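Notes follow the structure.
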Amino acid sequence: MTPRHAGSELRRRLRETGGHGRKLRGLGELLAPYRWRVVAMFTSLVLGTAAALAPAPLAKVAIDQGIQKHDPGALYGVVAVFLVSALVYGVATYAQTYLVGWVGQRVLQDLRLKLFAHLQSLSIGFYGRNIAGVVISRMTNDVEALDQLVEDGLATLIQSSLMLIGVVVILVVMDFHLALLTFIALPLLFLGALAFRIASAGAYRLTREKIASITGYLAETLSGIRVVRAFGQERRHIEYFAQLNEENRAANMRTVYLNAAYFPAVELLSGLVTVEILLIGGIEAINGHTSTGVVFAFIAALNNFFNPIQQLSQLYTTYQSGMAALDKIFGLLDEQPEIVDSPDAEELPPIRGELRFDDVSFRYGTEENDPTLPWALRDVNLVIAPGQTVALVGETGAGKSTFAKLVARFYDPTSGSVLVDGHDLRTVTAHSLRSQMGMVPQEGFLFSGTIRDNLSFGRPDATEAQLRDAASAVGADDFIMALPQGYDTEVGERGVQLSAGQRQLVAFARALVADPRILVLDEATANVDVHTEGVIEQGLRRLVAGRTAIVIAHRLSTIQHASLILVMENGQIVERGTHEELLAAEGRYWDLYRDWAEQAAA
Amino acid sequence: MATFWRLTGFLRPYRRATIWSFVLAFGALIGTVLIPYLTGVAINAVRAHKHHELILLALAIVVAALARLVFSALRRLVAGQVSLAVEVDLRNALYARLQALELSFFDRQQTGQLMSRATVDLQSVRFFLGYGLIFIGQSLVTILLAAVAMFLLQPGLAAISLAPVPFVVLIANRYGHKSRPAMQEAQQRIAELTADTEENVSGVRVVKAFAQEARQLERFRHTVQRVFDQQLLATRVQAFYNPMISFLPNLGLAAILLFGGRQVIHGSLSVGAFTAFYAYLLMLISPMETLGYMLGAAQRATASGARMFQILDQEPQIQSPPGAPALPAGGGHVTLRGVGLTFEGTTTPALTDIDLDVPAGQVVALVGAMGAGKSALVSLLPRLYDVSTGSVSIDGADVRSVELDSLRGAIAVVNDDPFLFSATVHENIAYARADATREEVVRAATAAQAAGFIEQLPDGYDTRVGERGLTLSGGQRQRIAIARAILADPRILILDDATSSVDASTESAIKRALGDVLAGRTTFVIAHRLSTIALADRIVVLEHGQIAADGNHDELLEQSDLYREIVEKGMPNQVFLTRKPLEVVGR
């Protein structure tokens, strides 16, 4: 599948998983374990909001009952209630801030764990179809967008909504007539907010894109700084960067325009509504239809009416991106692993290491067998005896790595079956299979941590002696001991602190510590100096000795030492035998060997 | 504080706009203060049943609200412009400085750190300069004006109700102090979590191959818990300070209700004055909070500014001397005299006492173990680093005496693991000469044996590298890098083991092409294998940063044990189908 297809496939899935139902259900599941805290959270939010609304009606009572009627007792009562409400507000705000933070963060971390566990359960095929960066961004950028919503907005979102409802209720109760007059502004506000949302969504998205491209360009030209220097292209990059900056400025300017139009307009509207109430309410009060206290309190409460609207508008973009992120995250969680243990899968007993391919054919692709795709492997029949070293030889794309992946059951064959000691791989648990199998990838992928951590990766309970034995067996001990902290040296992200050759040796030792019965090894082609190359070759021999080994081979020495060479072409095994047999047969292997010799002579 | 004033210096080009935004902010502010005042007066008019006055006052409020609209919209526009202009200036200045700094600076710095200066730190500076200063001014003036108005109305009541103000500001400021380190640590832990995620996604094959899913999940759970713990700490700080900040102003309100109410009852205060008082205090709440937060933002901006100045104050060490002449014309005659090089932060020299004279057009192979100094030596020619002792000259001119662009324009480098930009294939090949025509690009690609696979790409030469997961193999990247160097048409070509990851047939094709390309240029080849060495007229063996031997193949077999070892040991370990040992030639 081409990356372009993978992209549109991904988008299609995302669209399918959209919809509020899915999101609400998903959120419900995530919140369920903390339901009591959620209840407490809402209680404190409601209490806090109610207490925040109290000053306006209390002021009204103070004026009408205390001040106007010259009743100090009533005034003191109101002040006492006022202080109590302020205290309730303080306590509720504390509880609410803490609970929103707690629940929000707990749910986010649960979501991260859930995603992580899910990613681990997905088959290698998924990672082949999807770009690693996109998958990582689900776990990082998308969860962070939600984090932003939790941090900045969740409390405000709920509070402002509650506040708005509360104010409306208070206004209606205080004076139904004046309340109706206030709500005349609502359609205007609604339209304004709608226009602002529509216009700003695009504008804010653009600013995010622009700043992302600035960051991307910066990262790229910084990591490629040697090339920039070597070709003396600094000026061009500076000019282009300035252009990106200018675009970013223009994009941001659009949001400035929008904000400059929207927020002052809401302010104006609040001023106009104040005047409206003042005039109409004032005249009513003059005519004795209502009290001055009501008008005053009403105007004080109007502040609380417009504030939440402004706050909600400001939150809108955070809310949008949070919801979009949630969509994508649930889309990923809906992805089903293709290779799962069958319900009646058995533990694979300790194996001898016999490997059999029965009529195995395989084509890449999603779930269904798509006949338009080419075969990656075709009609492979083969028995590998325990302890044999098999070298796979052939050009890129001949099917060598596919062969190796089927052995590790990273994929299931499209037809036919792969058997270990007579057990079909589909009938045993993945864990029991892989714990008896070792894999050495080409680049020697290491995890950040110490050398010791990496060596014991496949067998966490390995003793110090076992680690050292393995390291010295593959010839890694020398360089490890020469490192400043020996086995406790940090290798850095992906092992960057080590050279390619050293990483390779550590990967060998790691596989040796795991002591697998079957070993799958993709030989590295990286250029290393003569000395390291010799050590690697020795290490490789020690590693494959005594176990069934499938080696995707590049070195002649490796191939010569193999007990069986499989020459692959277009997904098929075209020749098999030892080095001498194949040379004597003067077939494809002989051709390859001759080409190679001729080039050497050229 | 010095940093703070230096930061405000970035506003200098926008002095007028900055002054305007302050003026406009105060204009808007007057509207904001006026409206509750007029409302108070209007309420008094209502009490006094003064119909006409009420209508006039209502009109006045409308005018004030309109004025506020105009002022505040304009203020947003002007301040937005200033803030964004400062951002552009700062970021361009940072980038230009980064582009001017020498490589040894980047050897010492982590890319992530540099990036955060240009993004996170820059944002906080820009926000503060563009908005923070105005908010501080606005809040201060609001508080001051309201305070003055309140004192004029009723000094005693004013003193009581304003008492909580300094506390709110102090507490908000303290909150900023406390929460910043907590948040930063949380960010740091999230970064760890991101790294963890990346590693596990990239290394998923290893995890699965060793059946270590459960253990990795357990580790990840630990990392996630660390994030949660820290976030909760930050939440606690927030939960503690937030209610305090919002609680204190309520005390002022309660005080007004109590004391002001009593005064009204006793007749020493009008209801209108009372309501105005109340409204003023309501109006003060948000400036008080803003002031506190903005003082925190000022501290943040100062700290960020200090980090940015670390870069801006870094003087580039490798620069063209003022008025330097261009590299003189010539064929690429390279001379190193007594060259020593010690990289910054290290004690063992990478090169010592190198004397080397390479006539124009010669092809020199540099041979030696890892760390022998091969790459260090060639990096001196385009002045990626400067010598610690001795001198490097090209066509008679010391590289330090000539104009840098002309020097680097005369040299092209192809690395072992070449870096391509995420641009089209065409743009990558035409990197050194952006004006190259498609024809020239195709010619260079053809010479580098890259034309074949480029045409197979989805959009040919217009295919973007690295997009949508389109990754090129090491061999393909190398050939594009060779084409890039060919198109630069350099006087001196440096090949850093440039054909290591291509298969045998491509390699020999590249070698054939290189034969033509090398003609007429001085070439340095860093070589690990004999097939590459075979291209050279002359072989220089480096050992521990010194020249151990110098001569042609036959001479060196005689003279140099090290070279002999490389030749002998090099052969049986060659890679089948990708490399070609000379051993086979004899068969």
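From first to last, the protein sequence lines are chains A and B.
Note that the first sequence covers residues 5 to 606 in my numbering.
Note that the second sequence covers residues 156 to 742 in my numbering.
Quick reminder that beta carbons are idealized off the backbone N, C-alpha and C, glycines included.
Note that the structure is a prediction, hence the values are computed from the model and not measured.
Please confirm whether residue i and residue j have their CB atoms less than 8 Å apart.
i: A389 of chain B; j: S423 of chain B; result: no
i: E155 of chain A; j: L224 of chain B; result: no
i: Y435 of chain B; j: A327 of chain B; result: no
i: A691 of chain B; j: A520 of chain B; result: yes
i: V557 of chain B; j: P537 of chain B; result: no
i: I694 of chain B; j: V489 of chain B; result: no
i: L262 of chain A; j: S204 of chain A; result: yes
i: E527 of chain A; j: V555 of chain A; result: yes
i: I128 of chain A; j: Y320 of chain A; result: no
i: Q380 of chain B; j: Q124 of chain A; result: no
Give me the chain A residues within the contact set of residue i, using Cβ-Cβ distance strictly less than 9 Å, ordered along the chain.
i: R719 of chain B; result: Simply none; closest approach about 11 Å.
Against residue i, what residues of chain A qualify as contacts under a CB-to-CB distance less than 8 Å, listed in chain order?
i: H206 of chain B; result: I287, I290
i: Y433 of chain B; result: A63, A304
i: F574 of chain B; result: S227, G228, R230, V231
i: G700 of chain B; result: Here the premise fails: no neighbours, minimum Cβ distance about 16 Å.
i: I681 of chain B; result: In chain order: nothing, as chain A lies at least about 10 Å away.
According to DSSP, is residue i helix, strand or coil?
i: V422 of chain A; result: strand
i: H583 of chain A; result: helix
i: I343 of chain A; result: coil
i: L189 of chain B; result: helix
i: G442 of chain A; result: strand
i: R329 of chain B; result: helix
i: G624 of chain B; result: Note on G624 of chain B: pLDDT 41, under 50, position unreliable in the model; the coordinate value appears next. Of the three classes helix, strand and coil, the one that applies to G624 of chain B here is helix, per DSSP.
i: S423 of chain B; result: coil
i: R39 of chain A; result: helix
i: D363 of chain A; result: strand
i: E224 of chain A; result: helix
i: R430 of chain A; result: helix
i: G196 of chain A; result: helix
i: G528 of chain B; result: coil
Roughly how many angstroms separate the alpha carbons of residue i and residue j, rounded to a whole number?
i: R167 of chain B; j: Q343 of chain B; result: 35 Å
i: G398 of chain A; j: F576 of chain B; result: 32 Å
i: S439 of chain A; j: A366 of chain B; result: 6 Å
i: A304 of chain A; j: K73 of chain A; result: 21 Å
i: Q314 of chain A; j: F267 of chain A; result: 7 Å
i: K64 of chain A; j: R116 of chain A; result: 50 Å
i: N355 of chain B; j: H377 of chain B; result: 14 Å
i: P520 of chain A; j: R555 of chain B; result: 58 Å
i: L336 of chain A; j: M143 of chain A; result: 10 Å
i: A466 of chain A; j: G206 of chain A; result: 56 Å
i: E353 of chain B; j: S141 of chain A; result: 9 Å
i: R272 of chain B; j: I289 of chain B; result: 24 Å
i: G358 of chain B; j: L51 of chain A; result: 49 Å
i: L491 of chain B; j: I509 of chain B; result: 7 Å
i: G420 of chain A; j: V384 of chain A; result: 9 Å
Which chain B residues are close to residue i, counting only those with a beta carbon under 8 Å from its beta carbon?
i: H74 of chain A; result: I420
i: L226 of chain A; result: L253, F261, T266, L269, M270
For residue i and residue j, which I take to be in contact (beta-carbon distance under 8 Å), what is that distance rounded to the nearest angstrom?
i: A60 of chain A; j: V82 of chain A; result: So it is not a contact: roughly 12 Å between Cβ atoms.
i: R463 of chain A; j: A434 of chain A; result: Actually they do not touch by this definition, with Cβ atoms about 17 Å apart.
i: L277 of chain B; j: M463 of chain B; result: 7 Å
i: T552 of chain A; j: G391 of chain A; result: 6 Å
i: V324 of chain B; j: M443 of chain B; result: 6 Å
For residue i, go through chain B and note every residue whose CB falls closer than 7 Å to its CB, in chain order.
i: V82 of chain A; result: L412
i: Q250 of chain A; result: Sequence check: residue 250 of chain A is Glu here, not Gln. In chain order: V243.
i: P445 of chain A; result: R360, V361
Could you name the residues of chain A that residue i contacts, counting a contact when the two beta carbons are closer than 7 Å?
i: Y117 of chain B; result: Here chain B has residues from 156 to 742 only, and residue 117 of chain B is not among them.
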